[in-house]
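4 protein chains.
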Amino acid sequence: MSTTFRPLKLGMVGGGRGAFIGAVHRMAARLDGKYEVVAGCFSSDPEVSRESARDIGISDERAYSSWQEMLDGERNRPADDRIDAVSIVTPNHLHYPVARGFVEAGFHVICDKPLVHTSGEAEDLVKLVDEHGVVFGVTHNYTGYPMVRQARRMVRDGAVGTIRKIIVEYNQGWLAKRVELEGNKQAVWRSDPKLSGPAGAMGDIGSHAENLLESITGLEIESLCADVSTLVPGRALDDDANVLLRFSGGARGVLIASQISTGAENDLRIRIFGDGGGMAWHQEEPNSLYHTPLGEPQQVLKRGNPYLHPAATRIERIPFGHPEGFIEAFANLYGDIAEHIRAAKEGREPDPAAEYPTVHDGARGVRFIERVLESGSSTEKWIRM
Amino acid sequence: MSTTFRPLKLGMVGGGRGAFIGAVHRMAARLDGKYEVVAGCFSSDPEVSRESARDIGISDERAYSSWQEMLDGERNRPADDRIDAVSIVTPNHLHYPVARGFVEAGFHVICDKPLVHTSGEAEDLVKLVDEHGVVFGVTHNYTGYPMVRQARRMVRDGAVGTIRKIIVEYNQGWLAKRVELEGNKQAVWRSDPKLSGPAGAMGDIGSHAENLLESITGLEIESLCADVSTLVPGRALDDDANVLLRFSGGARGVLIASQISTGAENDLRIRIFGDGGGMAWHQEEPNSLYHTPLGEPQQVLKRGNPYLHPAATRIERIPFGHPEGFIEAFANLYGDIAEHIRAAKEGREPDPAAEYPTVHDGARGVRFIERVLESGSSTEKWIRM
Amino acid sequence: MSTTFRPLKLGMVGGGRGAFIGAVHRMAARLDGKYEVVAGCFSSDPEVSRESARDIGISDERAYSSWQEMLDGERNRPADDRIDAVSIVTPNHLHYPVARGFVEAGFHVICDKPLVHTSGEAEDLVKLVDEHGVVFGVTHNYTGYPMVRQARRMVRDGAVGTIRKIIVEYNQGWLAKRVELEGNKQAVWRSDPKLSGPAGAMGDIGSHAENLLESITGLEIESLCADVSTLVPGRALDDDANVLLRFSGGARGVLIASQISTGAENDLRIRIFGDGGGMAWHQEEPNSLYHTPLGEPQQVLKRGNPYLHPAATRIERIPFGHPEGFIEAFANLYGDIAEHIRAAKEGREPDPAAEYPTVHDGARGVRFIERVLESGSSTEKWIRM
Amino acid sequence: MSTTFRPLKLGMVGGGRGAFIGAVHRMAARLDGKYEVVAGCFSSDPEVSRESARDIGISDERAYSSWQEMLDGERNRPADDRIDAVSIVTPNHLHYPVARGFVEAGFHVICDKPLVHTSGEAEDLVKLVDEHGVVFGVTHNYTGYPMVRQARRMVRDGAVGTIRKIIVEYNQGWLAKRVELEGNKQAVWRSDPKLSGPAGAMGDIGSHAENLLESITGLEIESLCADVSTLVPGRALDDDANVLLRFSGGARGVLIASQISTGAENDLRIRIFGDGGGMAWHQEEPNSLYHTPLGEPQQVLKRGNPYLHPAATRIERIPFGHPEGFIEAFANLYGDIAEHIRAAKEGREPDPAAEYPTVHDGARGVRFIERVLESGSSTEKWIRM
């Protein structure tokens with residue numbers, strides 16, 4: 209006989225009123241009922257933190273004024289009443305200290321991207337996570353789309369043969385104007401090196417592009433040559449980056465990340481060309497995957513169909529033709545992380561199909577950003593990863 | 209100072225293990241944290257009902273064995289602990305008795321479509337809802353898409369001028385085979401007249417098409433001529449219907465509803481042609497709306513942009529380019545219904561922007577289905593609505 | 209050893225300065241070098257006829273003032289110097305007398321659509337063509353697209369199994385305004401019953417839709433029920449028609465032909481649903497054909513690929529990815545008609561792959577138009593073909 | 209009173225049986241009746257040249273065995289009977305000597321791309337063309353599409369504001385296999401450095417991409433950094449090139465040219481991002497142009513509409529919605545070159561709207577290819593143009 213299901217208890221650092229990504233994390237946590245948000249330090253302003261908590265039904269008692277206070281508060285609660293995991297959804301500069309604090313205290317962590325500012329910090333976190341044996345997910349959320357999972361399986365099972373070339377692009381246009389001067393909260397912190405780190409567009413979206421290509425293809429970037437620019441005058445960080453890539457084994461690639469691509473919205477797309485076929489996926493139309501076996505008609509695979517790989521069908525909620533979107537993909541990451549946390553709590557192996565971007569993936573992204581900036585902003589040369 | 213938010217308490221009739229639409233209703237209820245599901249009669253099999261309840265964290269105490277038992281059980285709880293509303297997600301034949309029971313007891317109701325089997329039942333429900341003053345939403349969920357709300361506002365504000373013609377289609381292909389013989393639970397009850405009612409495809413999806421066209425255009429169908437067929441041999445109910453429409457004021461229309469359109473997935477689409485422009489929307493690509501002012505280039509309006517009407521922007525969760533899908537649209541209905549329920553509880557007027565398909569819309573849909581069957585299956589003539 | 213190629217000699221009736229379709233016929237004739245236009249009566253105004261002839265390099269001697277004069281003039285030239293065939297590109301009301309005259313004189317004929325005004329005239333022409341043994345092509349040009357030929361072969365070879373349903377649409381918006389009052393020459397004659405015949409949109413484009421569906425599927429329309437309207441006030445002929453179709457064997461269909469579909473350009477499209485798959489083609493994107501075998505991913509077949517049927521590849525000029533368009537499709541009809549004319553001249557059998565819409569197809573179209581008008585404008589009932 | 213139109217007399221070098229591009233040039237010349245092909249040396253094999261001539265109705269007398277013989281033969285005909293211009297459609301290595309010969313003899317020239325092998329040869333040709341005052345067109349045919357002309361005008365009139373970034377791609381997949389070993393005639397000469405020149409994909413299609421971006425934007429490439437590869441083992445020339453671009457004034461760009469992009473057909477596309485808007489065009493769907501003014505919905509401009517610039521509408525043949533394709537675009541170049549040749553013959557100024565890629569454009573393309581190879585294959589550095 210079954211027992212009554214109990215959702216995981218989640219805390220949150222960041223994500224108060226007016227924040228974008230915190231709300232997304234909460235919807236992702238809530239959608240499938242696998243988590244309940246029970247505590248949080250939603251803002252560095254105690255009043256905002258408390259008001260934000262009340263907005264979502266969290267009592268004042270667990271609306272903390274600082275992440276350190278939250279860490280102490282939760283640590284001191286009875287084991288079955290404290291949070292199981294914390295979501296870190298602050299501006300980038302706080303990822304490192306907060307993640308470090310919670311990992312050291314033995315909490316599982318879900319951290320937004322890019323992981324941290326420097327590869328030194330990243331290596332430090334990797335080491336700590338290994339030491340403390342916690343689950344540490346980085347929300348490179350685009351790998352949560354079922355058709356990205358499908359692509360990953362198909363590519364790795366040979367659907368395009370040996371890969372020769374990859375084009376991955378992440379074009380946005382929302383920073384074509386200096387909206388950071390017009391009070392756009394997202395733009396303000398993203399264009400401030402102190403909060404966002406050394407990278408602008410590369411950190412914000414370039415790291416997603418790198419993660420997507422690595423996740424699907426498994427190819428290792430061997431060397432790169434980048435052109436990194438600030439094309440909107442007066443901005444402190446890069447808003448456009450174009451990178452030539454060479455992979456182990458000889459494949460070639462192009463990675464484009466831009467936030468000044470006027471008219472583009474959230475145009476993340478990847479094309480993969482192999483000696484046996486081609487494949488394409490586009491985030492704005494995420495329920496389709498395009499596969500052209502060499503010499504045959506293009507096939508359009510669509511989410512929800514029985515002909516898909518179990519890696520894609522296991523994370524579907526609704527039948528084909530009923531579009532799932534960004535929040536559902538995000539929730540798929542949360543779901544797979546939940547499975548790993550539950551397995552850890554229950555002392556069992558997790559479902560091997562449950563996959564998520566780990567601290568290692570996050571650290572690789574940080575190194576990639578560093579190398580792109582090195583090639584693109586200073587040396588203007590090919591450099592090795 | 210704000211107070212801590214408390215979600216509405218929701219009960220559910222139907223939607224146990226293996227059901228499709230019940231899970232969708234729960235995700236829609238949960239996504240924005242506006243409801244918590246606290247009770248239910250999830251199946252007519254008490255064991256399945258209890259197991260289904262446990263799956264979603266509901267205690268055995270509120271896992272009821274029949275809807276009558278649930279009605280009694282909840283009615284007898286203290287006012288602040290009983291459910292605020294019930295979602296009815298059973299096969300169609302139970303909509304009427306269950307809805308009637310809960311309305312008469314003063315509970316707010318969210319009922320799946322088609323509302324009931326006959327226009328007699330529909331009129332009865334309309335009368336009861338009026339008498340008891342409860343909120344009664346019918347989940348013609350496609351009107352929850354932001355770009356459908358945008359279309360509605362634009363059309364009513366004159367973006368296409370005077371409407372001359374409407375083509376609305378709902379093409380599905382999942383019943384191209386007799387999957388009802390292969391154990392497909394959705395197909396089994398939908399192809400059984402005792403559970404599904406007198407209409408097959410017309411009831412299941414034709415009523416959505418009618419609702420979509422009425423919701424956007426506000427036009428009244430004056431007369432119709434239908435061809436209603438069962439194209440897969442051996443099936444008891446219609447699986448294909450094509451309807452010529454004439455509207456008050458002289459506009460013409462075509463409505464197509466089919467579940468044997470092999471290769472189609474959930475292909476609901478509408479095109480509206482007026483003397484000042486044309487408009488098109490497609491459910492499988494729901495974040496775009498196509499508007500062609502007479503003599504000008506086509507414009508592609510996309511969800512999340514500041515140039516949209518507040519009716520569309522008020523129900524958005526994430527920025528442009530981040531696709532929202534079916535569940536989000538469903539949740540928008542739940543959200544607007546929640547606002548009406550809260551207003552009723554608090555004795556205030558609801559936000560005038562909060563809109564949802566009411567029992568009146570549901571009843572109109574039932575009459576439409578009846579008239580289509582009358583024209584299409586028996587008289588083979590034009591008939592007046 | 210080969211001999212030097214000589215193009216067929218073509219005459220033209222209609223198609224002078226300012227005409228649209230005459231120029232298209234000339235480009236179609238010229239594109240592949242299979243014809244040279246050597247004579248014509250391009251206008252009923254002798255001056256316009258002569259000026260139009262000079263524009264395209266035809267001497268005054270063969271620029272005739274009336275079609276009767278042209279018929280006489282060409283008949284009296286030496287056999288190897290007279291025209292082989294005549295293209296009739298006048299307003300519809302002249303198709304019958306001109307075609308009759310040239311057929312009786314033994315000339316091959318290429319006639320624009322709709323063939324004639326009445327089925328009586330059509331039967332008469334059919335009889336004459338049979339008697340005189342001439343080649344008689346009707347330019348239902350959309351069947352000249354390679355991917356329509358591909359669809360025809362695939363459907364007839366079973367790619368969709370037994371057909372259950374067909375939706376064919378021809379949506380245009382250019383008559384959404386009364387452009388016939390603003391001097392639009394195309395609109396003027398098309399909206400004048402004396403020149404255009406009893407049908408407006410149905411004759412102009414509805415007959416193309418009927419031809420397309422018949423050409424691809426081979427299904428016979430058994431009965432129909434139509435709604436035919438004039439939706440722009442003041443216009444003398446129908447500008448919108450919607451038709452329910454029943455085919456021999458039980459398949460169902462919908463045919464839509466409208467010229468008031470604001471925003472639509474030349475939106476001819478067909479969808480075919482069978483028990484083994486679905487297929488779709490769209491004239492505005494003519495190089496693609498969509499095929500979804502039951503239970504499999506959609507396949508996008510593209511013009512120019514070796515995986516296509518010889519019926520499609522034999523009429524291609526350029527490699528895949530290089531779009532061919534409307535004129536090329538038109539030229540494919542001209543090319544296949546040329547093969548039939550050459551075979552007739554040389555007393556041999558034509559290449560069996562060379563196919564074109566014949567006078568029989570044209571006559572069937574005229575009957576279809578008549579029946580649609582009968583059902584749609586007067587009886588408002590289902591009628592048999 | 210008008211005089212009877214006489215087409216220009218065209219000769220051709222190359223383009224015999226089995227050739228692709230020669231047939232395209234002939235269709236482009238013939239489509240609008242502005243040229244007649246009257247002479248040619250269609251092959252270096254005299255027999256093939258004569259047979260090819262007969263195929264298209266050219267007498268043996270003007271079917272030459274070598275281009276030198278043709279030059280002599282035509283020069284010695286009476287002025288009103290000799291060719292007006294010659295089209296050079298040989299493999300690349302013959303462009304230079306043939307073009308040089310005909311230019312020096314005072315004939316107008318239409319030459320396929322890339323113009324020649326080296327920038328030395330290119331400069332030489334530029335000088336000769338200037339000296340002899342002949343018309344010299346290079347068939348960068350993609351600029352003949354009406355919507356490319358529209359883009360050019362709009363961009364130059366400020367529709368996207370100041371350009372910040374350009375992405376131009378030309379992806380093909382037909383060389384994903386070594387079809388040059390399987391007798392594909394196009395592949396054989398294109399992969400042989402003696403016939404094709406030092407560049408493979410860069411020369412064949414990269415030069416089109418460069419021309420397209422220059423033609424639309426007018427921006428000057430200041431420096432570039434390229435990655436040029438041969439990704440199919442055993443091939444002698446590059447089949448994949450990716451280039452970072454910097455333009456005068458600070459804009460950035462990416463140019464991609466590949467013939468191993470499995471599944472791609474003839475996927476030439478350009479995206480332009482400015483501070484006032486974005487624009488996109490795609491060769492495989494050439495009748496549409498996408499324009500997104502900053503902060504407004506995307507507009508889809510379509511060929512044939514009155515809202516377009518005269519530069520686009522003047523080269524249209526058929527109404528909107530009737531697709532024009534590759535051959536029509538090619539014919540537009542031929543048409544504008546014809547106007548320049550006629551003006552030269554008549555001693556008048558040509559229509560200022562008649563535009564075509566000149567020998568200067570061709571020479572710039574050759575220099576671009578050289579610099580890309582220099583950066584991409586040897587230095588692996590940024591280099592200045």
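Protein sequence lines, in the order shown, are assigned to chains R, H, A and X.
Residue numbering for the first sequence follows the working numbering, starting at 209 and increasing by one per position.
Residue numbering for the second sequence follows the working numbering, starting at 209 and increasing by one per position.
Residue numbering for the third sequence follows the working numbering, starting at 209 and increasing by one per position.
Residue numbering for the fourth sequence follows the working numbering, starting at 209 and increasing by one per position.
Ideal Cβ placement from N, Cα and C applies to all residues, glycine included.
- For the pair R:VAL342 and R:VAL363, the CB atoms are not nearer than the 8 angstroms cut-off.
- With respect to the 8 angstroms criterion, R:GLN394 and R:PHE228 are classified as neighbours on the basis of their beta carbons.
- DSSP, read as helix, strand or coil, puts H:ASN450 in strand.
- Residue-level contact check: H:HIS348 does not touch chain R, since none of the beta carbons of chain R fall below 8 angstroms from its beta carbon.
- Among the residues facing chain A, X:GLU269 is not included, as its CB has no counterpart in that chain under 8 angstroms away.
- Distance check between H:ASP263 and each of H:LEU239, H:ARG285, H:ASP292, H:GLY226 places H:GLY226 closest, using alpha-carbon atoms only.
- In this chain, A:SER586 is not harboured by any alpha helix (DSSP H), its DSSP state being neither H nor E.
- With respect to A:VAL440, A:LEU476 sits apart: the two C-beta atoms are not nearer than 8 angstroms.
- The region 513-529 of chain R makes contact with the region 351-366 of chain R, as at least three CB pairs between them are under 8 angstroms.
- Annotation: A:PRO215 to A:GLU554 spans about 14 angstroms, alpha carbon to alpha carbon.
- Within chain R, the residues whose beta carbon sits less than 7 angstroms from that of X:THR500 are THR470, GLY471, listed in sequence order.
- Contact of X:PRO354 with chain H is not assigned, every C-beta pair being separated by 8 angstroms or more.
- In the three-state reduction of the DSSP assignment, X:LYS321 falls in the coil class.
- Beyond the five residues adjoining it in sequence on each side, H:LEU502 comes within less than 7 angstroms, by CB distance, of GLY484, GLY485 in the same chain, given in chain order.
- Distance from the CA atom of H:ALA231 to the CA atom of H:GLY265, rounded to whole angstroms, is 14 angstroms.
- Counting of Cβ neighbours within 10 angstroms places A:PHE213 among the exposed residues, the total staying below 16.
- If you ignore the 5 residues before and after A:GLY352, its C-beta comes within less than 7 angstroms of the C-beta of ALA537, PHE538, ASN540, LEU541, all in its own chain and listed in chain order.
- With respect to H:SER415, H:PRO322 sits close: the two C-beta atoms are nearer than 8 angstroms.
- In this model, X:LEU420 and X:TYR350 are separated by some 7 angstroms (Cα to Cα).
- Non-local C-beta neighbours of R:GLU582 in its own chain, meaning closer than 7 angstroms and more than five positions away in sequence, comprise ILE591, ordered along the chain.
- Close to H:GLY503, with beta-carbon spacing below 9 angstroms, are these residues of chain X in chain order: ASN513, PRO514, TYR515.
- Sorting A:SER437, A:GLY573, A:PRO286 by C-alpha distance to the C-alpha of A:LYS217 places A:PRO286 at the top.
- Interface criterion not met: the Cβ of A:HIS233 is under 8 angstroms from no Cβ in chain X.
- Secondary structure in the region 285-365 of chain A: the alpha helix (DSSP H) runs of 4 residues or longer, each lying completely within the stretch, are 303-312, 327-340, 354-364 in chain order.
- In the displayed model, X:LYS402 falls within a helix according to three-state DSSP.
- Taken through DSSP and simplified to helix, strand or coil, X:ASN540 comes out as helix.
- Non-local C-beta neighbours of R:ARG386 in its own chain, meaning closer than 7 angstroms and more than five positions away in sequence, comprise VAL440, GLY442, ARG443, ordered along the chain.
- Within chain R, the residues placing a beta-carbon under 7 angstroms from that of A:VAL508 are PRO505, GLN506, VAL508, ordered along the chain.
- Note on geometry: alpha-carbon atoms of R:GLY408 and X:GLU588 lie some 26 angstroms from one another.
- One alpha carbon belongs to H:GLY248, the other to H:SER437, and they sit about 37 angstroms apart.
- Within chain A, GLY265 have C-beta atoms less than 9 angstroms from the C-beta of X:ARG214, given in sequence order.
- Check the Cα spacing between R:GLU339 and each of R:PHE315, R:VAL346, R:ILE429: the tightest is with R:PHE315.
- Contact annotation, X:ILE545 with X:ILE480: C-beta distance approximately 27 angstroms; criterion of less than 8 angstroms not satisfied.
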